[in-house]
Amino acid sequence: METIWTIRVKTLNSETSSPVQLASTSSVPDLKSSIHEALGIATERQRLIFRGRVGIIIVDINRDTDKA
């Protein structure tokens with residue numbers, strides 16, 4: 344069974360975050376496409392930052408959440 348993640352996305356000009364859902368097997372382009380669909384931000388204008396690191400990859404997220 345595939346795990347679905349809910350990721351909170353916050354834009355630079357927003358005080359609130361928006362939830363985006365994707366499968367745990369998703370790639371970074373999949374995530375960017377989901378953000379585009381949910382928030383209307385073109386994929387080429389997105390910069391992903393996770394825990395202060397720019398240019399994250401999904402594998403990094405898995406490693407970080409396994410530690411928690």
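Mapping to the working numbering: the sequence shown position 31 is 374, numbers consecutive. Even for Gly, the Cβ is constructed at its ideal location relative to N, Cα and C.
Exercise for the section: Look up Ala366 in the DSSP assignment and say whether it is helix, strand or coil. Expected result: strand
Handout entry: Length of the line joining the Cα atoms of Lys375 and Met344
Key = 23 Å
Handout entry: Euclidean distance between Cα positions of Ala366 and Ile350
Key = 10 Å
Exercise for the section: Give me the Cα-Cα distance between Val397 and Thr354, rounded to the nearest whole angstrom. Expected result: 14 Å
Practice task
Determine, using beta carbons only, whether Thr368 and His379 come nearer to each other than 7 Å.
Solution key: no
Exercise for the section: Starting from Ile384, follow the beta strand (DSSP E) in both directions and report where the run begins and ends. Expected result: First-last for Ile384: undefined, no H or E at that position.
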